[in-house]
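S.K.: In our numbering, the protein residues as written are 615 to 900.
Every residue gets a Cβ at the ideal spot worked out from N, C-alpha and C, and that includes glycine.
The structure displayed is predicted, hence computed values, not measured ones.
Quick one: this structure, given as structure tokens, is what I'll be asking you about.
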RNA sequence: GCCAGGAUAGCCAAGGUGGUCACGGCGCGCGACUGAAAAUCGUGAGAUCUCAGUUCGACUCUGAGUCCUGGCA
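Okay, structure coming up:
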């Protein structure tokens, strides 16, 4: 059995640093599993720590354009390739990042993964109301609608995805999902904060640092280059708030406060999602 | 000091010829989430400035007080 180490957990817990330590001490290579660090040009606000990683190889960094959508399926494909490459050279793959959906997809697979996004369809239904989307889905497949929980029934993104599945299921039968081969001995480490205070402290400190490092300048440059708040890569905490500031919708202080708040809320959501995975071994920080 | 306006949850804020559980938004708590996930969504707990009066009943009307905002001095 070959070892593979996963380092995930809440934002701002120091995952990258821990991953680097492992990579150095156990001769490993990193695979990024942070849905934002996938993107080129997003550096300061999403915290690519290039200094920390000078002596370690990292995969899946800066591989997609912020205007392009990058899915958990895309991640899985790239990650499987990297894992195989790393392991074939007898090094240890170390996956690091807080995007649990990506990990979930990689480890446990997704049954409907062969039905790919239909952008024309998504575009079309974007403007539909919840009620209209629900009607549409019920018309196509009462079954799929019934399987949705209370929350998903009012979630436009998920309703649209289900409509997508319903309209394409006839043409493409889902094959067996591919996922991480069982030959690996997987160790998942999750980092989480001891309490709310330590989380808030860490986030505040990190935001202040990123502002000092040029967060505002980074956003200005992206806007100048033609990126907008609607681009997949920029639908990201930090960028959204600073863009609102540049648009005159928020004051500087409001933008910074909201950035911090959203980051804290995100950390909470991450843990809510991850704690259901009993394979994660938790370590507290803060 | 005078005139005018205002005081509703941690913050912003609607309301009604006086009558069951006072509209929302943000934040906060909890949760969902199988090709958008730093996304998207569900759900819960929080309030009528103080005192007195009118009334069967006042957050809503009257009076006094306190505080805030603008104008005049």
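#1: Would you decide whether residue 739 is buried or exposed? Buried here means 16 or more other CB atoms lie within 10 Å of its CB.
#2: I want to check one thing, is the minimum distance from the CB of residue 650 to the heavy atoms of the ligand ATP below 7 Å?
#3: I need the DSSP call for residue 883, collapsed to helix, strand or coil.
#4: Taking contact to mean 3 or more Cβ pairs, one atom from each stretch, closer than 8 Å, check whether the region 657 to 675 and the region 622 to 639 are in contact.
#5: Is residue 875 helix, strand or coil by DSSP?
#6: Scan the region 685 to 750 and note each continuous alpha helix (DSSP H) run of 4 residues or more that stays entirely inside, going in chain order.
#7: Since residue 774 and residue 747 are thought to touch, with beta carbons under 8 Å apart, how far apart are those beta carbons, to the nearest angstrom?
#8: Looking at C-alpha atoms only, which residue of 863, 750, 802 and 797 is the closest neighbour of residue 711?
#9: Under the rule that 16 or more other beta-carbon atoms within 10 Å means buried, what is residue 888, buried or exposed?
#10: In chain order, what residues of the same chain lie with their CB nearer than 7 Å to the CB of residue 701, ignoring the 5 residues before and after it?
#11: CA-CA distance, residue 647 and residue 683?
#12: For residue 719 versus residue 686, is the C-beta spacing smaller than 8 Å?
#13: Can you tell me where the alpha helix (DSSP H) holding residue 758 begins and where it ends?
#14: Can you give the Cα-Cα distance for residue 825 and residue 841, rounded to whole angstroms?
#15: Based on Cα-Cα distance, which residue from 798, 875, 893 and 846 lies nearest to residue 704?
#16: Name the one or two DSSP bridge partners that residue 646 has.
#17: Is residue 722 buried or exposed, if buried means 16 or more other CB atoms sit within 10 Å of its CB?
#18: Give me the residue from 779, 757, 853 and 749 with the minimum Cα distance to residue 735.
#19: Take the Cβ of residue 623 as the centre, count every other Cβ of all protein chains shown within 10 Å, and call the residue buried at 16 or more, exposed below.
M.R.: Looking at the atomic coordinates:
#1: buried
#2: For the structure depicted, the ligand ATP is absent and the ligand set is empty, with no information on it obtainable.
#3: helix
#4: Touching, yes, given that three or more Cβ pairs across the two stretches are closer than 8 Å.
#5: In this structure, residue 875 counts as helix in the three-state DSSP scheme.
#6: List check, alpha helix (DSSP H) in window: 686 to 702, 714 to 722 and 733 to 739.
#7: 7 Å
#8: The candidate whose alpha carbon is nearest that of residue 711 is 802.
#9: So residue 888 ends up on the buried side.
#10: 616 and 707
#11: 15 Å
#12: yes
#13: 756 to 761
#14: 20 Å
#15: Here the closest residue by C-alpha is 798.
#16: BP columns for residue 646 point to 710.
#17: By the 10 Å Cβ count, residue 722 comes out exposed.
#18: 779
#19: buried
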